[in-house]
Structure formats: structure tokens, C-alpha cells
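Heads up: the structure comes next, in C-alpha cells.
In my numbering, the protein residues as written are 188 to 823.
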């Protein structure tokens, strides 16, 4: 690797890692210019005098001490840079393989397949002189194919497709590719699932989830001294009394949801917009507590958790916060406790796996959501898969409640959910419901900007775009509104953010309880280019690398909007392979008061008629659960 690239990686590491206080880009660059390729050696040897010639004795001593404290990660940064890997992988590599990771990887780089692509790892292996026909390399190619499919959200791939991709990756005959697949299966790198193959990690997660769900479905009562077994008649008596006391009468489907939560250890409550899931959830909580059962409420997104709390009058948390509390023993989930997870269409396989791992075997789990919404951003399908298994206890709420129907949004959403184009009125700035601004594709961006202005400006509106790219994509829309809002104001993050701007976090940070898609607002621009941002009441100081994971949120993708709700949304409708029924449906159901669609009726109609892309996602959970249920039945 060219020395200049290694030097740049070190400069970035020194400037952005908070472990090295007082070393910004300017200071790190001076060290690089003065010491060149010797910089990492000088730091490793703790040569304070040489460093002091550039940055002074005091900072040199602090830097050397900090470097020693992080020696393992620093060695990895150097090795990664030498082999053209991203320096940001350093912490993950150390976490996976320990302090001697650099030594181990210099001997055998193939374990890097867990965090990097095949081409980069293959290049590193070539530099070490490893043979091109080695079995390790061919097995790694199979893993690379399965990992790539995992990046595309599939947990299972047909064997023939794996062999085809391996042959292409290795430029080898099909016979050799088939042999590579057989070797991968024999070594445990690939797992057979029906007619397909899975990467070992995904296979393990699906098997665990399936077994846990099957066990809960067949589970018996526990020895909990407070909670007691509940009969359906007991639930009816309580609900009748509660209705008389509150003058709130549940529908039959909502009562069925309460029965499900009280009498089944595992269940699903599903339904579209405006069908009373929130009211049913409130009744589930009250009834469970009446019968002595603790209830833990959670959702993936912070805003969804806030809405759960407001609806039920009980504390609700993000899933990340719940898992962290269990991990550090701040929270113990009791043997008969009910865990309720809302907005479960967003729930990917790793997250459901972690939830089930955190629960006692005698616990109860209720998943609430809408399988017509977009599938999760992460790999796998959970709610969408589980709802297809006939044996899984479930209640579908279908009746649109009168209050929800008043806005017109649930009715329009229901039509889209069924693959029909809803009745759309003309755009009126002060009218609610769902409307369409009819225009040509080349006019969409301009008409979106006009609509935002007529609706009260960026403070009153959120743009939900199917795409990042293009004139009406999130990148262009955010750049346009940032230019207007930041003119003449103090900015942070290389001029990217000013106070008052809406922002979105772009990665999962469990330490901060932030996820990829957490929405917030810049509260202040602080010294040295950092910002103070508020995410659903949680204030976070962000600087350095963190700012790379922050973006403007005047416009966000529909995927990022899942779990959130906005008074008014404007949705550009442009032809795209991503535009399907579930995307339109999810966008519409994010709005509380009004939805303004901007684009062509023909494009909109075509998208609504398309089957959801979730139906094309290849996973093994449905089959795994069906097999587990058969085994459970055989044991009885």
C-alpha cells in the first residue's frame, strides 16, 4: 500500500479518536509531515523527544501515554491501512480477535471476511503469498457470497445461485464452485436449509428464534407467586368492568387481542392504520397488571417508544435500552412478565434474537405491528415471516375506528394495502387527508419545494422520499433546505449543521441508545466543531467521527421514517425499482393529519399494484419454525 495512504489513515485515527485529546487534524498532519512513515514507529517506541520537536513536550507525553493504552487497536489501524481496509474497522477487529489481532491477521487474513469484502481480503492474502487454489480461499468465497446476500437482506440462498456466484467470484469452472460449496458445508461456514444455504450466523439466529417461539407456544404455567393462570372468562369479566368504569367499549377484535396476550405465551397482534392497535395495547397493559403480570413495553425507534408510553401511561423504552438494562442487571424480566414490542415490521432477525435471549424461558412475548409496511432495514424477516405460520397465535385488527377514519388517511392507506389506488383529492394547503399534486417527473422536485412552503415551511413538514439520489431525493432536498436555513449562521461539522436543523443518525450506537434512523434536532453548535443534538429528549454531544454518522433530515427516506409519526408529510412519487406498495403505504401511514403526494398518477398506480418487495426476501425462519413446531408436537 502506498505510504501516503498509510499516513492518511494514521492522521485520521489520531485526529478523530477521542482517546487522543488535543490532537486535531492540524496537529496530526504536522506530525505526519515531520515524521512520514516513521510516525507509527515513533509512537510505538514512545519517543517523546522526537514528538516534542513537533507538538511540544506536554502534548507529546500525553499522546505517547494514550497510544500505549490503545496499542492493540493502533496496531490494527496500521495493518488495516497497509492492506487498504477502512480504519474504522479497528475496534470491531479488536473486539472479535483480541489484542493480538494484528499478529494473527498478518499470518492469516481470511477471518477478515466477517467484516470486509472478498476482494480486499483476497488482496491481503495475495500480499502474504498465500496460494490462489487454497481450500481456505474457496470456502471464503462461499462465505463472501452468503455475506453479500445477507447485505441484500436474504438469510437463505438457493444452492445453485451460490454456486453460480462463487464461480463468477473465483473465475472458476462450475465443478470447482460446487466443490467449494461442499467444502464450506463440511467446515460449517455454510449451513444447509431446505434447498438453500445460509451463513452460519444467520442460520444459528433463525434456529434459536424458531426454537424459542415454539417452546413459548407449547409452554406451561410457571411457579410465579404473584401472577396466576388466567381463564378466558376471567378476562371477559375484567374487560366488562373496565368498560363500564371508563365508558370505553372495545371491539370484538380488540378484546380478542387482550385474550391473546393473557392466555398465550407468544402471539401477534397485527393490523393497518387506524384499526385501534393503540387502544388494544392500552387494554392489554391494564388487564395484564390486574392479573399480577409485569409488562415491559418497547419499540425500536425512540419516537415509537414515546408514543407507547403516552398511550398506555406506562414507561416504554427503546429495544436497545431494554437490552442494555437486562445486560447490566438493572432490569430483571420476571418469569411471568409480558414483553410487548410495537412497530414490529421494523424488527430484523438479530434484534428479535437478542430480545429472546434476554427473556426467561417462561416469559411471554407479544409482537405488535403491520406486515404491510416496509420490511426491516437489517437482514431477515420476523413479523412478516411469523404471520405466515398458521399455528402461531395471532389476532388481526381490521375495523377502522371512527376517530381515525376522520382524517381520511386510514381509508386511503387501507386501499393501498390491498393494492388499490385510493381516491385522492386536489391539493389544498389547509385541508387534511391524502391529496395528489399531479405533475411530470421533471417537475416533482420543484413542486415539492412549493408544497413545503405552502404548508408552513420545514418546521411544519417532513419530506419522505423513496430515494436518496435524484432531484427529489433526500440528498438534493436536504442540500437545498440546508442552504436556505444556514445562510449567514454559525455552523459545525465542516459547515454542515446549524442550530435548529432536523438531523438523523446513521448507525446503531447502543451506548448512546441511538439507532440507524434516530431522528433529532441540533440544539446548539459548540466549540471546536461539535454539536449538541436532541434525540427524543436525550441530549447528545457529537463531534469528530460521530458527525460523519449525522445527516440532515429535512427529507428522509421512507425506510428511515418507520416508527415515527409526523403531522404533515410530503412524498415525491418518482419511478424507481424501490417504489412499491409497501413503500407508499408506509409513507402514508407516517402522517397524522395530512399527506401530499407529488408526481404522476400513472407512476403511483403502478407502484401500488406491485407486490411488496418483502415477498421477494429469501429467509428460512418460516420453515425453521414449522419444523420446530412439528418436533414439539412429536414430543407430546
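Where is the CB? At the ideal position from N, CA and C, for every residue including glycine.
No Cβ-Cβ contact shorter than 8 Å links residue 453 with residue 536.
If you draw a straight line from the Cα of residue 340 to the Cα of residue 567, it comes to about 6 Å. Here residue 727 is bridged, per DSSP, to 720. One alpha carbon belongs to residue 749, the other to residue 773, and they sit about 7 Å apart. Collapsing the DSSP output to three states places residue 624 in a strand. Note that the C-beta distance between residue 330 and residue 376 is below 8 Å. Runs of beta strand (DSSP E) with 3 or more residues, each lying fully within the segment 546-596, are found at 551-556 and 581-584, listed in chain order. Between residue 308 and residue 296, the beta carbon gap of about 6 Å places them in contact (Cβ cut-off 8 Å). Taking C-alpha positions only, residue 328 is separated from residue 334 by approximately 10 Å.
Put simply, of 500, 489 and 480 the residue whose alpha carbon is nearest the alpha carbon of residue 466 is 500.
In this structure, residue 241 places its C-beta atom within 8 Å of the C-beta atom of residue 221. Residue 233 and residue 314 have their alpha carbons spaced roughly 29 Å apart. Nearest C-alpha to residue 373 among 326, 405, 808 and 637: 326. Per DSSP, residue 503 is one residue of the beta strand (DSSP E) stretching across 503-505. Residue 483 has 526 as its beta-bridge partners, per DSSP. By the C-beta density criterion, residue 802 is exposed, having fewer than 16 other C-beta atoms within 10 angstroms. By the Cβ criterion, the segment 689-697 is not in contact with the segment 788-803, since fewer than three pairs of Cβ atoms, one from each stretch, lie closer than 8 Å.
In this structure, the straight-line span from the alpha carbon of residue 198 to that of residue 210 is close to 9 Å. With a contact defined as Cβ atoms closer than 8 Å, residue 561 and residue 746 qualify at about 6 Å.
Taken in chain order, the complete alpha helix (DSSP H) segments of 4 residues or longer contained in the segment 287-358 are 288-294, 305-314, 322-338 and 346-357. Residue nearest to residue 788 within the set 809, 761, 806 and 778 is 761 (criterion: CA-CA distance). Contact between residue 459 and residue 600 holds: their C-beta atoms lie close to 6 Å from each other, under 8 Å.
The three-state secondary structure of residue 208, taken from DSSP, is coil. Distance from residue 524 to residue 483 at the Cβ level is roughly 6 Å; contact confirmed, criterion being Cβ atoms closer than 8 Å. Rounded to whole angstroms, residue 782 and residue 630 show a C-alpha spacing of 19 Å. Judged by beta-carbon spacing, residue 228 lies beyond the 8 Å limit of residue 266, meaning their Cβ atoms are not closer than that value. Look at residue 652 here: in three-state DSSP terms it is strand. Under the DSSP assignment, residue 477 falls in the alpha helix (DSSP H) whose first and last residues are 464-477. For residue 306, the closest of 356, 547, 378 and 633 by C-alpha to C-alpha distance is 356.
Comparing alpha-carbon positions, the option among 654, 251, 281 and 271 lying closest to residue 260 turns out to be 281. Taking C-beta atoms as the reference points, residue 510 and residue 490 fail to come closer than 8 Å.
DSSP, read as helix, strand or coil, puts residue 793 in helix. Taking the Cβ atoms as the reference, residue 486 lies roughly 7 Å from residue 528, within the contact range of under 8 Å. Following the DSSP letters along the chain, one finds residue 739 inside the beta strand (DSSP E) bounded by residues 737-739. Boundaries of the beta strand (DSSP E) around residue 710: 706-712.
Membership of residue 786 in the beta strand (DSSP E) is indicated by the continuous run 778-786.
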